[in-house]
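Peer 1: First, the structure itself, so that you have it in front of you.
Residue numbers (my numbering), protein chains in the order written: chain A, 50 to 301; chain B, 286 to 629.
Have a look at this one:
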């Protein structure tokens with residue numbers, strides 16, 4: 050004799066609607082990122098502070114128009130922050146807490162598990178860029194509207210490429226190591242990866258960070274399509290990272 | 286020292302060199318072949334399962350058949366291969382040999398996953414997610430889920446509904462994980478150590494839930510190393526050790542008495558000379574002081590034996606207290622089969 054009415058747990062299995070699953074999963078991912086104080090610091094506050102610094106402090110070398118160049122670089126940095134560093138750290142700890150296993154055990158199809166995360170990351174990236182763009186406009190950035198579709202494309206491409214790199218890092222190593230490495234790499238890319246300062250040496254152009262910053266510059270300063278070179282660099286990094294990550298990512 | 290490892294046991298015990306009959310007939314091609322028994326399709330069918338980690342063989346030719354609507358407990362010491370077996374059934378690990386069918390389907394397939402509920406060992410959730418959000422997320426994956434709010438309350442998580450996962454206690458995380466396993470109204474549930482880290486009240490609740498699931502026709506496969514849990518919940522207990530099935534049957538079958546395999550226990554002054562008592566008793570009965578002041582007479586216990594023991598004690602001027610004639614507990618069976626030594 051149990052305390053539950055007969056029939057309470059009568060089986061009635063079935064998979065929910067794909068659209069609803071995707072929506073709820075993506076919303077969960079985005080909300081968790083936006084609720085996390087450290088993530089906000091990394092993805093919003095630091096880029097915002099750097100945007101102001103690059104725009105108004107003449108001691109930092111920056112091509113003219115200054116505010117536009119600063120906006121391009123910080124947009125790139127914001128995407129690196131959330132899609133790479135933020136994603137890697139979140140994934141490292143999500144694995145630690147067993148959520149991937151938990152979700153892999155539900156009716157959520159595997160492809161949706163990835164898509165939900167990607168959509169969540171895109172929502173965060175769009176919100177970041179929107180906030181930074183408003184700030185940049187206030188600081189004197191003049192956005193040529195012809196660059197808007199390219200900006201949108203670069204948000205998606207940058208999020209996918211750096212997201213794949215983030216998953217590569219966060220999906221294989223221990224959470225603490227991920228945390229340390231993701232922050233160190235972020236800092237290195239910012240300083241010498243062609244983000245804050247223009248790439249000086251040739252090979253830096255082959256880094257995804259420099260590629261994204263250069264492509265952003267074309268879109269948000271000149272309103273033109275990004276060059277083939279930077280786009281090819283981004284795609285190549287993304288494809289390779291994604292292919293390797295599918296082999297190395299572990300659920301726990 | 287294991288007491289009965291090489292003595293005959295009253296139930297079917299799988300001999301180590303016995304070739305399981307299903308092994309030769311195993312494999313997916315067997316499903317639906319004309320010579321299958323008239324039984325319905327098993328809910329879980331494992332044959333000749335092998336899982337290795339490096340040089341260590343965790344699961345070593347394990348066979349298991351679970352009928353729909355039953356509760357089966359995989360019972361074994363730590364490291365016996367319980368979790369490896371269950372995680373292969375859930376689709377989390379790949380088998381190195383043998384075949385596994387769950388509801389007639391391949392483990393982990395997209396077709397199967399909506400039909401089963403899984404409670405992984407230690408639970409699982411986003412570190413920052415609130416308990417209710419986690420359950421809502423899993424509920425969104427099901428066509429016709431139970432009411433998450435109701436299930437949260439049933440599992441005593443009402444007060445913790447808005448607490449982030451990482452700040453929940455181990456027992457609360459376990460209960461949330463159980464809720465996630467049940468929310469989609471599955472027809473088969475895998476519960477890996479479902480009551481680990483729970484307080485006695487929560488354990489009772491889980492037992493009650495498992496009983497309700499069974500009454501409603503849900504198949505439950507659980508792992509445990511708790512004897513009372515297996516004895517209370519399971520229709521069928523499968524004892525595994527070192528990756529093999531060492532015994533299986535209903536709790537009653539496993540603990541069934543043979544006439545010459547009973548125990549008379551009593552408590553008296555420590556240090557009685559058991560050889561004197563042994564001499565007073567019929568041939569074939571063994572007397573031991575198992576712990577200080579706790580005496581056990583093993584063998585065929587009849588009224589004459591009880592009388593002899595009490596009168597012998599009277600002669601010694603001691604009172605035999607708490608005198609009981611007991612059947613073997615599942616714990617005795619388990620320890621006989623898996624040894625009494627501590628495992629690292």
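Where is the CB? At the ideal position from N, CA and C, for every residue including glycine.
Nothing here was measured: the structure is a model prediction, and the numbers come from that model.
(1) Measuring alpha carbon to alpha carbon, tell me which residue in A/140, A/226 and A/266 is nearest residue 115 of chain A.
(2) Using DSSP bridges, identify the partner residues of residue 571 of chain B.
(3) Cβ of residue 338 of chain B less than 7 Å from any chain A Cβ?
(4) On the DSSP bridge assignment, give the partners of residue 524 of chain B in chain order.
(5) Any chance the stretch 530–544 of chain B sits against the stretch 373–391 of chain B, with 3 or more Cβ pairs inside 8 Å?
(6) So with CB distances below 7 Å, who are the chain B contacts of residue 84 of chain A?
(7) Going by the DSSP bridge assignment, what does residue 576 of chain B pair with across the sheet?
(8) For residue 575 of chain B, collect the residues of the same chain with a Cβ closer than 7 Å to its Cβ; drop the 5 residues on either side in sequence, then sort them by chain order.
(9) Measuring CB to CB, does residue 437 of chain B end up less than 7 Å from residue 446 of chain B?
(10) With a threshold of 7 Å between beta carbons, is residue 155 of chain A in contact with chain B?
(11) With which residues is residue 477 of chain B paired in a DSSP beta bridge?
(12) State buried or exposed for residue 450 of chain B, treating a residue as buried only when at least 16 other CB atoms are found within 10 Å of its CB.
(13) Counting only Cβ pairs nearer than 7 Å, list the residues of chain B close to residue 148 of chain A.
(14) For residue 163 of chain A, which residues of its own chain have a beta-carbon under 6 Å away from its beta-carbon, when the five flanking residues on both sides are left out?
(15) Report the neighbours of residue 74 of chain A on chain B: residues whose CB is nearer than 9 Å to its CB, in chain order.
(16) Assuming residue 487 of chain B and residue 556 of chain B form a contact by the criterion Cβ under 8 Å, report the distance between their Cβ atoms to the nearest whole angstrom.
(17) To the nearest angstrom, how far is the alpha carbon of residue 525 of chain B from that of residue 173 of chain A?
(18) Does the beta carbon of residue 228 of chain A come closer than 7 Å to any beta carbon on chain B?
(19) Kindly list the residues whose CB is nearer than 7 Å to the CB of residue 482 of chain B, restricted to its own chain and excluding five residues on each side of it in sequence; keep chain order.
(20) Using C-beta distances below 6 Å, list every residue in its chain close to residue 291 of chain A, excluding the 5 sequence neighbours before and after it, in chain order.
(21) For residue 370 of chain B and residue 552 of chain B, I'd like the C-alpha separation in whole angstroms.
(22) What residues in its chain sit with their C-beta under 7 Å from that of residue 158 of chain A, if we drop five residues either side in the sequence?
(23) Should residue 378 of chain B be flagged as near chain A, meaning a C-beta pair shorter than 7 Å?
(24) Let's see if you can read the secondary structure: which residues bound the beta strand (DSSP E) around residue 384 of chain B?
(25) Reducing DSSP to helix, strand and coil, say where residue 259 of chain A ends up.
(26) Do the stretch 353–360 of chain B and the stretch 392–407 of chain B make contact, defined as three or more Cβ pairs closer than 8 Å?
(27) Using C-beta distances below 6 Å, list every residue in its chain close to residue 156 of chain A, excluding the 5 sequence neighbours before and after it, in chain order.
(28) Should residue 405 of chain B be flagged as near chain A, meaning a C-beta pair shorter than 7 Å?
Peer 2: Reading it off the structure:
(1) Stepping through the first chain from its first residue, residue 115 of chain A is reached at position 66. That would be A/266, whose Cα lies nearest to the Cα of residue 115 of chain A.
(2) Mapped onto the second chain, residue 571 of chain B falls at position 286. Its beta-bridge partners are B/583.
(3) Taking the second chain and counting its residues from 1, the one referred to as residue 338 of chain B is at position 53. So no, residue 338 of chain B is outside the interface.
(4) Within the second chain, numbered from 1, the residue matching residue 524 of chain B stands at position 239. According to DSSP, residue 524 of chain B bridges with B/360 and B/532.
(5) No, the stretch 530–544 of chain B is not in contact with the stretch 373–391 of chain B.
(6) The count along the first chain starts at 1 and reaches residue 84 of chain A at position 35. What residue 84 of chain A touches in chain B: 413.
(7) For the purposes of this step, residue 576 of chain B is taken as the residue at position 291 of the second chain. Looking at the DSSP assignment, residue 576 of chain B forms a beta bridge with B/579.
(8) In the second chain, residue 575 of chain B corresponds to position 290, counting from 1. Within the same chain, residue 575 of chain B has close Cβ partners 581.
(9) Counting from 1 along the second chain, the entry for residue 437 of chain B is found at position 152. Counting from 1 along the second chain, the entry for residue 446 of chain B is found at position 161. Yes.
(10) Working through the first chain from its first residue, we reach residue 155 of chain A at position 106. Chain B, which has a Cβ nearer than 7 Å to the Cβ of residue 155 of chain A, makes this yes.
(11) To locate residue 477 of chain B, count along the second chain from 1; it is residue 192. According to DSSP, which records beta bridges pairwise, residue 477 of chain B is partnered with B/508.
(12) Residue mapping note: residue 450 of chain B aligns to position 165 of the second chain, counting from 1. Buried is the call here.
(13) For the purposes of this step, residue 148 of chain A is identified with residue 99 of the first chain, where counting begins at 1. Simply 409, 410 and 411.
(14) In the first chain, counting from the first residue as 1, residue 163 of chain A sits at position 114. None.
(15) Stepping through the first chain from its first residue, residue 74 of chain A is reached at position 25. Residues of chain B passing the Cβ test: 422, 425 and 426.
(16) Here residue 487 of chain B is taken as the residue at index 202 of the second chain, counted from 1. Here residue 556 of chain B is taken as the residue at index 271 of the second chain, counted from 1. Contact flag wrong, Cβ pair sits at about 42 Å.
(17) Here the question's residue 525 of chain B lines up with position 240 in the second chain. Here the question's residue 173 of chain A lines up with position 124 in the first chain. So the two alpha carbons sit approximately 49 Å from each other.
(18) In the first chain, the residue the question calls residue 228 of chain A occupies position 179. Taking 7 Å as the threshold, the shortest C-beta distance from residue 228 of chain A to chain B does not fall below it.
(19) Counting from one through the second chain, the residue named residue 482 of chain B turns up at place 197. Excluding positions up to five away in sequence, the list reads 455, 456 and 459.
(20) Reading the first chain from its first residue, position 242 is the one you call residue 291 of chain A. Counting only Cβ-Cβ distances below 6 Å, and skipping sequence neighbours, we find 213.
(21) By one-based count along the second chain, residue 370 of chain B stands at place 85. By one-based count along the second chain, residue 552 of chain B stands at place 267. Looking at the two C-alpha atoms, the distance is approximately 42 Å.
(22) Translated into the one-based positions of the first chain, residue 158 of chain A becomes position 109. There are no such residues.
(23) Counted from its first residue, the second chain places residue 378 of chain B at position 93. Not an interface residue.
(24) Start at 1 with the first residue of the second chain, and residue 384 of chain B comes out as number 99. Counting along the chain, the beta strand (DSSP E) containing residue 384 of chain B begins and ends at 382–387.
(25) Position 210 of the first chain, counted from the start, is the residue given in the question as residue 259 of chain A. DSSP places residue 259 of chain A in helix when its eight states are reduced to three.
(26) no
(27) Here residue 156 of chain A is taken as the residue at index 107 of the first chain, counted from 1. Counting only Cβ-Cβ distances below 6 Å, and skipping sequence neighbours, we find 64.
(28) On the second chain, residue 405 of chain B is found 120 positions in, with the first residue counted as 1. So yes, residue 405 of chain B belongs to the interface.
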